[in-house]
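The next block holds one structure in the form of structure tokens; read it before the comments.
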Amino acid sequence: MSDRQPRTRADARRARASRGASTAPRGRGAAARPSRRRVWLKRSLWGVLALGVLGAIGIGIAYAMTDIPKPNEMVTAQASIVYYADGKNELARLSDDGGNRESVKLSEISPNMQHAILAAEDRNFYQNSGISPTGIARAIWVAVKGGSATQGGSTITQQYVKNYFLTQDRTITRKAREILISLKIDKQQSKDQILENYLNTIYYGRGAYGIQTASKAYFNKSAKDLTPAESALLAAVIRGPSLYDPSLGAEQKANAQSRSNYILDAMVSQKWLTPAERAKATFPEVQKPRTRKLSGVQGYIVDLVKKELVNKYKLTESDIQRGGLRVVSTIDRAKQNAAIKAVADEKPAQADVHTGLVSITPGDGAIRAFYGGEDFARRPLNNASQAKMQAGSTFKIFSLIAALQSGDVSTASRFDGSSPQYFPDFADPNGTTEAARRGRVTNFGNEQFGRIDLLTATQHSVNTVFAQVNKIAGPENTMKAAQAAGVRSKLAPNMSNVLGTDYVTVVDMADAYATIAAQGVRAEPYFVREIRFQDSSIPTIKVEKKTQKVFDTKLMADVIDAMQQPVKPGGTAQYVGQNLGRPAAGKTGTSESFRSAWFDGYVPQLATAVGLYRSDAKTGDELPMENLPKDGDITGGTYPARIWTAYMKAALAGLPVADFPAPAHINKDALPPTPTTTQAPQTTQAPAPTTSAPPTTSAPPTTVAPPPTPTPSKTNGPPTSPGPSPSTTVTLLQPTPGPS
């Protein structure tokens with residue numbers, strides 16, 4: 001080690017001091033130390049200033065480069081609403097998801113609600129610049145202490161920006177964008193506009209987005225009518241509906257009461273509420289949450305309205321769910337309520353008997369009331385538009401139309417109404433019974449009528465007469481008449497179709513009978529009368545009615561005359577005539593083994609079809625409606641006629657009594673084909689498969705068989721012999737229809 005190197009730290013300090021003393025004046029080294037501190041301080045200040053300037057420049061650049069994004073689809077989505085025909089009363093909402101929203105102007109929101117939300121969320125809303133510096137500082141302090149940098153500090157403007165433009169992500173980047181966009185929004189939109197958008201954006205629970213929908217969900221009222229207490233509750237639930245909706249339990253109710261009291265007290269402190277008003281603001285009652293799934297009787301209507309919007313008007317599912325459509329339906333509120341009540345009051349006691357009812361304006365096609373079942377959510381099968389039932393004797397009217405069109409008969413033409421009768425054209429060689437193989441047709445209860453005209457045959461729904469009528473008309477023409485009238489279900493041109501062996505829907509029959517009521521003018525049935533869009537630049541869609549003249553007016557006058565007979569005393573629907581209190585026309589129908597029962601009828605202003613059937617709850621198989629414990633046998637003249645009458649009586653209340661057209665008596669000189677006589681079957685047994693030779697006696701036969709191709713001769717007088725008549729039984733692809 002060198003002798004010059006200090007041995008200790010003290011020696012080193014003395015050596016440095018000695019060197020300093022030899023090279024500088026005394027006192028100068030002491031002054032150097034403060035000078036270096038000042039330099040460091042200046043440099044630090046300049047560094048902070050530079051960072052501040054750079055930060056400000058960075059924030060400015062970020063502010064300038066931050067664009068206000070397009071609104072989130074969810075917050076602009078609005079529920080599509082279906083209204084009753086009056087265009088005012090809400091029937092249902094079509095949205096199944098977050099589109100359950102109905103935006104309103106700030107002027108349509110109660111000042112109580114505006115003040116409650118300010119008291120709860122941002123009391124300086126009208127004074128701040130869109131953000132809260134103290135709130136942001138508090139959030140930063142929480143972050144420094146190890147908490148979340150994204151919590152706290154949100155003004156109403158910031159909440160609006162987060163909900164309306166951004167996502168719910170809890171990140172520093174999203175929070176920074178929220179602050180910058182909030183500053184911009186505060187410059188671009190008025191405070192009132194921001195508050196309006198905020199109230200229309202936030203979620204209140206119960207599937208309700210926006211204050212108008214929430215007000216209806218909790219209190220069944222418009223947002224403009226909210227009280228201070230109701231407003232405070234709605235301002236409370238936005239913190240977390242699952243924690244503050246009082247209907248969810250005792251804990252949630254206690255939370256809601258505490259938060260509501262806090263908000264009401266704040267409203268007093270802000271002088272938005274007087275102490276006296278505060279004292280009256282007791283905790284409000286809320287209605288039970290309602291399921292948003294299509295349900296109840298109205299669910300069947302809404303389902304068909306949606307299908308019409310898609311199929312007829314080519315709207316997309318997105319349009320319907322989120323487009324805020326305002327759809328005015330054809331459903332009359334009073335008539336719809338009357339239909340629901342009529343079914344509830346008059347339906348059979350048997351639980352597995354199902355009812356469908358459809359009511360249509362003749363000549364227009366507007367469906368005024370519709371009953372497809374009790375609850376769409378529980379049983380979505382629509383009894384009025386999907387379930388198909390054998391038409392029974394309601395189909396006889398189409399054979400009557402076809403026969404009158406042929407020119408070979410009039411309503412005064414007379415036929416043999418005895419029972420049973422046998423018709424080769426009705427015979428089923430593969431039938432399981434002798435009666436089926438022989439083509440036997442019987443009247444209900446095997447009732448005998450002798451020779452009667454078509455008015456009487458319609459009044460009593462005489463099967464054996466209408467079997468002869470269909471021979472004259474031709475089953476294919478009967479089918480075509482039904483189709484022209486409006487039956488859209490698949491039909492078969494079988495001889496037995498006159499007896500209603502085809503399966504049809506209630507809508508089919510309501511449409512077809514409305515065509516008759518309109519004197520031959522067929523109108524396409526529809527539910528949607530008008531569609532209005534949120535975008536005012538899109539023109540309102542109004543229904544274009546589709547009508548067509550399908551039957552001669554005079555012919556219809558005679559059919560209407562015939563259809564008035566069943567409601568007269570002794571007719572199959574005399575209950576209607578005895579209880580409706582105005583002229584009506586219609587036809588009963590009951591299928592084989594009582595598997596379906598109908599009454600379809602009309603007055604000039606309204607046509608209604610009612611159909612009942614019974615099915616197995618598990619398999620869906622048809623079941624007979626006979627010998628039921630509390631209902632007995634269900635025929636068209638019983639429960640269907642009662643439901644129809646109860647509904648029509650209420651639906652027509654206040655409408656003037658309208659008269660039907662007078663009969664035209666077309667084809668009054670027509671005669672049915674002259675029959676050739678055949679051996680009548682013995683009354684004690686079914687006839688043999690082959691008919692015997694015609695008798696030589698001049699006595700009138702019990703039954704007569706028509707020639708294979710009827711070529712009626714026309715005379716000036718009424719028919720002097722029975723119309724085409726039996727020879728063997730119904731060729732029923734389905735069992736012979738039963739009573740009418």
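Every letter in the sequence shown is one number past the one before it in full-length UniProt numbering, and letter 546, counting from 1, is 546. Ideal placement from N, C-alpha and C gives every residue a C-beta, glycine not left out.
So, is residue i buried or exposed, given that buried needs 16 or more other C-beta atoms within 10 angstroms?
i           : result
residue 657 : exposed
residue 539 : exposed
residue 692 : No answer about residue 692 holds up, because its pLDDT of 33 lies below 50 and its placement is not dependable.
residue 273 : buried
residue 473 : buried
residue 445 : exposed
residue 438 : buried
residue 475 : buried
residue 432 : exposed
residue 114 : buried
residue 508 : buried
residue 102 : buried
residue 424 : buried
residue 535 : exposed
residue 324 : buried
residue 126 : exposed
In three-state DSSP terms, what is residue i?
i           : result
residue 278 : helix
residue 299 : helix
residue 460 : helix
residue 649 : helix
residue 84  : coil
residue 326 : strand
residue 204 : coil
residue 535 : coil
residue 670 : coil
residue 628 : strand
residue 451 : strand
residue 524 : coil
residue 544 : coil
residue 593 : helix
residue 615 : strand
Under 9 Å between the Cβ atoms of residue i and residue j?
i           : j           : result
residue 298 : residue 92  : yes
residue 79  : residue 112 : no
residue 374 : residue 296 : yes
residue 275 : residue 230 : no
residue 824 : residue 529 : The requested residue 824 is not part of the displayed model; the chain covers only 1 to 740.
residue 606 : residue 563 : no
residue 270 : residue 119 : yes
residue 301 : residue 121 : no
residue 463 : residue 495 : no
residue 459 : residue 565 : yes
residue 357 : residue 334 : no
residue 651 : residue 332 : yes
residue 386 : residue 505 : yes
residue 246 : residue 286 : yes
residue 383 : residue 611 : yes
residue 512 : residue 482 : yes
residue 410 : residue 668 : yes
Pull up the distance between the alpha-carbon of residue i and that of residue j, whole angstroms please.
i           : j           : result
residue 742 : residue 94  : As shown, the chain starts at 1 and ends at 740. That puts residue 742 outside it, with no answer to give.
residue 478 : residue 590 : 19 Å
residue 392 : residue 457 : 15 Å
residue 131 : residue 206 : 30 Å
residue 621 : residue 613 : 11 Å
residue 167 : residue 159 : Annotation note: pLDDT 47 at residue 167 (below 50); position unreliable, coordinate value reported separately. Taking the straight line joining both Cα atoms gives about 11 Å.
residue 569 : residue 311 : 46 Å
residue 659 : residue 592 : 35 Å
residue 465 : residue 500 : 14 Å
residue 259 : residue 638 : 59 Å
residue 200 : residue 525 : 37 Å
residue 398 : residue 84  : 33 Å
residue 429 : residue 497 : 18 Å
residue 440 : residue 419 : 9 Å
residue 603 : residue 545 : 21 Å
residue 758 : residue 339 : Nothing in the structure corresponds to residue 758, since the chain is present only between 1 and 740.
residue 370 : residue 609 : 10 Å
- Query: Where in the stretch 218–244 do unbroken runs of the alpha helix (DSSP H), each at least 4 residues long, occur, reported from the N-terminal end onward?
  - Reply: Every alpha helix (DSSP H) of 4 residues or more that sits fully in the stretch 218–244 is shown, in chain order, as 228–237, 241–244.
- Message: I'd like the ranges of any beta strand (DSSP E) spanning at least 3 consecutive residues and lying wholly in the stretch 382–449.
- Response: DSSP runs (the beta strand (DSSP E)) wholly in the stretch 382–449: 414–416.
- Message: Quick check on the DSSP output: what are the complete alpha helix (DSSP H) runs of length 4 or more inside the stretch 548–581, in order along the chain?
- Response: List check, alpha helix (DSSP H) in window: 553–563, 574–579.
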